[in-house]
Every structure is written in structure tokens, then in C-alpha cells.
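Participant: Per my numbering, the sequence shown starts with residue 9, numbered consecutively.
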Amino acid sequence: MSSVRIFLTGFRPSIGALRDELARQPGIEVAGAAGTMSESARRLRLEDVDVVLHAVLGRTLLQEELGAIRAVTPVPIVLVAEEHDPGLLDAALDADVADVVVLPQAAERVAFTLRNVARRVAPQVETVRKHARVITVFSPKGGTGKTVVSSHLAAAMAKHQRARTLLADLDLQFGDAAIMLGLEPEQTLHELATAPGTLDADKLRGYLTRHAPSGLDVLAAPLRPEDGELVADGHVERMLDIAGPLYDVIVVDTSPSFHGPMLSALDRSDVLLFVCTPEVPTLKNVRLGIETLRLL
Ligand SMILES: Nc1ncnc2c1ncn2[C@@H]1O[C@H](COP(=O)(O)OP(=O)(O)OP(=O)(O)O)[C@@H](O)[C@H]1O
Ligand SMILES: [Mg+2]
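#1: If distances are taken between C-alpha atoms only, which option among E90, L69, L161, L178 comes closest to R170?
#2: Can you list, in chain order, the residues of its chain whose CB lies under 6 Å from that of A89, leaving out five sequence neighbours each side?
#3: Are L16 and G40 closer than 9 Å when you measure CB to CB?
#4: Name the residue from A119, V156, E237, L254 whose alpha carbon lies nearest to the alpha carbon of K138.
#5: Buried or exposed: where does R123 fall if 16 or more other Cβ atoms within 10 Å of its Cβ makes it buried?
#6: Quick check on the burial criterion: 16 or more other C-beta atoms within 10 angstroms. Buried or exposed for E47?
#7: What is the DSSP secondary structure of F182, counted as helix, strand or coil?
#8: Beta-carbon of E194 versus every beta-carbon of chain B: anything under 9 Å?
#9: Along the chain, where does the alpha helix (DSSP H) that runs through D275 open and close?
#10: For L248 versus L175, is the C-beta distance shorter than 9 Å?
#11: Check this for me: beta carbons of P221 and R78, under 9 Å apart or not?
#12: Would you be able to state if there are at least three C-beta pairs under 8 Å between the stretch 258-266 and the stretch 149-163?
#13: Using a Cβ-Cβ cut-off of 7 Å (strictly less than) and excluding sequence neighbours within five positions of E29, which residues of its own chain qualify?
#14: How would you call P23, buried or exposed, if buried means at least 16 neighbouring beta carbons within 10 angstroms?
#15: Pick out whichever of T121, V108, G150, G75 has its Cα sitting closest to the Cα of P289.
#16: Scan the stretch 173-255 and note each continuous beta strand (DSSP E) run of 3 residues or more that stays entirely inside, going in chain order.
#17: Can you tell me where the beta strand (DSSP E) with E299 in it begins and where it stops?
#18: Inspect the beta-carbon positions of V86 and V125 and report whether they are closer than 9 Å.
#19: Would you mind reading off the limits of the beta strand (DSSP E) that contains T44?
#20: Since A89 is in the beta strand (DSSP E), which residue starts that stretch and which ends it?
#21: How many Å lie between D235 and G190 at the Cα?
#22: Evaluate F19 with the Cβ neighbour count: other Cβ atoms within 10 Å of its Cβ, from every protein chain shown; 16 or more gives buried, anything less gives exposed.
#23: From this set, T152, P84, M45, E72, which residue's C-alpha is nearest V59's C-alpha?
#24: With the cut-off set at 9 Å, would you say F266 and S147 are in Cβ contact?
#25: Spatial neighbours of M270 within its chain, please: C-beta separation below 6 Å, excluding the five flanking residues on both sides.
Laid out in C-alpha cells, this is it:
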């Protein structure tokens, strides 16, 4: 595999020396380093890296610091600690970091850990398709759990599979995927649909809201029901065409009706998750829904 690009974050006296030593290791490329979390976040947004090596001061700020890193990048994080602290290992395990290196440690050994971590996630990266797998979550009955399923699925794909994941909320009138994830989006599908000019990848990024704990991107539904009317089939088609190469997975949440934009998403879906609860009216609608889909 090609060189592993790493980025060093955190304030520890030894990190400067480690950075220089790692830069000399074969198979390791040091993309940069930053001390404060705000500077790290700013730089990580711009850098394309495989692994973040974070020098941790102790357990107290661990969650906060990891949260700041994960808000901007989904890549694995390796912790560097300067003293042995068994509690830190437990905390690291809970926080789902890829590995922990306790200094002093030979740079070759740290490089080995970094390359190993990068290799572990590499199969997922290598199987990245040229176009995202589109998973549409649908139910012909309201309140069956579409949004719970789609938001949890998307967050899990982003966090645990480290897949570049977009959750697109096509419940155009009453979409609540963003609120379910605790987000307050400033830009939504409504702004995307009403913006002048042609949508491209850079523009699309401006309409997304990042779910920091998982690294998931969310394209929120319009905030007002009447704004949903302005979203047309073409907007959804264009959005999926543009987002396809940027993501590994696109999860689409829907409303319980067959409207044009939803059918556009369905047309481009690889997987349809049909959510159903064991009640007679729901089962009746599911049967009708499946029959209708077969006709499409
Ligand atoms: N597996 C589950 N177990 C228990 N409660 C659930 C489960 N899935 C969803 N719920 C609850 O059911 C309610 C409806 O869920 P959700 O909003 O995901 O449904 P929906 O199909 O998206 O609804 P709508 O059609 O209004 O968009 C919510 O209160 C949610 O917390
Ligand atoms: Mg819903």
C-alpha cells in the first residue's frame, strides 16, 4: 500500500521529536501537526489523511478532544500517551480509538502501529465504489420507524464502517432526521432547490450539516412544509448524481407516500429497506406498497 499520511494533534513535549522521527520512517508521510484542538480541526478539514495520531494529556479531556477530531474527519485515531495509565486504556477502548501507543517507544514501532491501523481500514477504502450505494428507507405507513432506522443506519455506517455517508431527508414536508440527530441545520434541501445556477460538488457541500459524533453528512429536509413543494424530481436526481462519487453510502429517509422526488431516489436505489410494524393497517399498506413498486 502507498504511504500512510498521518496528522499529529495535541500538546505534549515529546510530540515534536516524534513527528520528526516519524517523518523519517518508510511508509509514513507526515501531513502536518497542530497543538490546539481548534487549529487541529481547521487543518484536518483541509488535509487528506489516513490516520490521526493524537497526543493525549490524560483521561479528563479525552472525549472532548476526540469529539473535536471526529467532527472533522472519520479516519482512525491512534492515541499517544507519555505515561502508563491503565484507566486511559479503558477510556480509549470505550472511545473506540484504533490503538494506543505509550511513550517512550521506538519510532519504528509507532510507525508499525500506524501502518497496521491504516491497513485494517484499507479494505473498506479499497472497496469504495465509484458511486455510492444508495439505501432508501421507506414505509407506506407513517410513524413506523423510517427516520429512526435511516438515521441510525447512516450514523453507524459513518462511525463504525468509516464509510463516507450522506443521509438525505426526502420527507419533504415533515422531515425530522436532522432533529433526531440533534442537529440544527442552517441549509436544507429547500435552499439547494431554490439556489440559482447548477449544482456541483462544492455547492452541495454548502447545504450539508455534519453530525459530529459520527462524521455523517446530513442533507436536511426543508424546515417548513410549504418549502418542500419547491423540491422537484430533477433536484433530487441532480443531488444524487453529484453526491454519488463523493460518498460510499447515501441513506435516504422518506415520507409515507410515493411523490416524484422520492421515486427519483427509488430509481437510483441499490437497496430498499421496507419498514413495517406488525399491525393490520400497516401490513395492508405494505402489501399495497410492494404491489405498486412492482408496477413501477
Ligand atoms: N425500534 C423502535 N422501538 C421503539 N420505538 C421506536 C422504534 N423505532 C421507532 N420508534 C419510535 O416510533 C416513533 C416513530 O418513529 P420514526 O419517527 O422513526 O417513524 P417514521 O416512520 O419516520 O415516522 P414519519 O412517517 O412520521 O416520518 C418515534 O417516537 C420513535 O422513537
Ligand atoms: Mg420520519
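Just so you know, even glycine gets a beta-carbon here, dropped at the ideal spot from N, CA and C.
Facilitator: In terms of the structure at hand:
#1: Selected option, being the one with the closest Cα: L161.
#2: Once the five neighbours on either side are set aside, the close Cβ partners of A89 are V64, L96, V110.
#3: Yes.
#4: Selected option, being the one with the closest Cα: L254.
#5: It is buried - the Cβ of R123 has at least 16 other Cβ atoms within 10 Å.
#6: The C-beta of E47 has fewer than 16 other C-beta atoms within 10 Å across all chains shown, which makes the residue exposed.
#7: Residue state, collapsed to three classes: coil.
#8: Here chain B cannot be found, since the structure has a single protein chain.
#9: Counted as a single uninterrupted DSSP element, the alpha helix (DSSP H) harbouring D275 occupies residues 268-275.
#10: No, they are not a contact pair.
#11: Yes, they are a contact pair.
#12: Contact holds: three or more Cβ-Cβ distances are below 8 Å.
#13: For E29, where only same-chain residues beyond five positions count, the Cβ hits under 7 Å are A115.
#14: Reading the sequence as shown, one finds Ile at residue 23 and not Pro. Counting the other CB atoms within 10 Å of its CB gives I23 a total of 16 or more, which places it among the buried residues.
#15: Per the Cα distances, G150.
#16: Every unbroken stretch of the beta strand (DSSP E) spanning 3 or more residues and falling wholly within the stretch 173-255 is given here in chain order: 173-177, 217-219, 224-227.
#17: Per DSSP, E299 belongs to no beta strand (DSSP E); it is in the alpha helix (DSSP H), 288-303.
#18: Their beta carbons are under 9 Å apart, which means V86 touches V125 by this criterion.
#19: In the DSSP annotation of this structure, T44 is not part of any beta strand (DSSP E), being labelled neither H nor E.
#20: Judged by DSSP secondary structure, A89 falls within the beta strand (DSSP E) whose first and last residues are 85-89.
#21: Roughly 21 Å between the two C-alpha positions.
#22: Here F19 is exposed. Its C-beta has fewer than 16 other C-beta atoms within 10 Å.
#23: Nearest C-alpha to V59: P84.
#24: For F266 and S147, no; Cβs fall outside 9 Å.
#25: Leaving aside the five residues that flank M270 on each side, the residues in its chain whose CB is nearer than 6 Å to its CB run, in chain order, L178, T262.
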